[in-house]
Every structure is written in structure tokens, then in C-alpha cells.
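For my numbering, count along the sequence shown from 1 and bump the result up by 843. Note that beta-carbon positions come from the ideal geometry of N, C-alpha and C, so glycine has one too. Keep in mind that this is a model prediction, so the values were computed, not measured. See structure below.
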Amino acid sequence: MPSQVAFRVVCVRILRSLFGGILVLVSTAIVALVSADRLAHLAPPATVRAAQAEPSATGSLPAPVKAAPAPKPVVPSIPNGFDTERLNALMRGDPILPRR
């Protein structure tokens with residue numbers, strides 16, 4: 844009986860090695876065939892489209908009118924933007940409107 848068990852163990856080891864080798868060969872063959880197929884059927888080159896002319900050059904749209912220069916900003920009466928004298932006067936309770 845031990846000889847039958849040993850024979851089965853040896854057969855299983857051999858079959859396992861054969862199955863592993865066949866699996867590696869089949870996987871390699873699949874990768875090689877797919878790569879060869881991809882190289883044989885390359886994508887066509889992209890078509891080049893003509894450059895589009897600008898609508899104002901063709902006359903379909905009028906040319907943009909140059910904008911008028913912006914008016915000068917109004918100079919504030921307070922150069923730094925904050926009137927500390929007026930704030931101090933309000934805190935002291937002085938009238939808001941200055942006397943004339």
C-alpha cells in the first residue's frame with residue numbers, strides 16, 4: 844500500500860508542475876498574441892481640420908469697438924479714507940455738521 848500512496852504523491856507533484864508550466868505558457872501566449880494583434884492594427888492617424896477664421900475677419904460679426912477710456916475716479920475728500928477728527932468729535936459729543 845505505501846507504494847500506491849507514494850506513486851500518487853509523485854504523480855500529483857508532476858501533474859502540478861505540468862499544470863503550472865502550461866498555465867504560464869498559455870498566459871504568455873495570450874499576451875504575445877494580443878500584443879501582435881494590437882501592433883498589426885494600429886489606430887488611423889487623426890484627421891487635421893482647417894483652421895477656423897475669426898468671425899470679425901470674415902465679416903459675419905462686426906469688429907469689436909474699442910472701449911472709451913474710463914473716467915478718472917473721484918478723489919475722496921478724505922485722502923486716507925478715514926476721518927479721525929470727525930470720529931473724535933462724535934465721541935466728544937460735538938455736532939455732526941460743521942458750523943459755517
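{"Asked": "Helix, strand or coil at Glu928 [DSSP, three-state]", "Found": "helix"}
{"Asked": "Proximity of Leu904 and Pro898 at Cβ, strictly below 8 Å", "Found": "yes"}
{"Asked": "Distance, Leu861 Cα to Arg851 Cα", "Found": "15 Å"}
{"Asked": "Inter-residue Cα distance where the pair is Thr871 and Gly863", "Found": "12 Å"}
{"Asked": "Local conformation of Ala893 per DSSP, three classes", "Found": "coil"}
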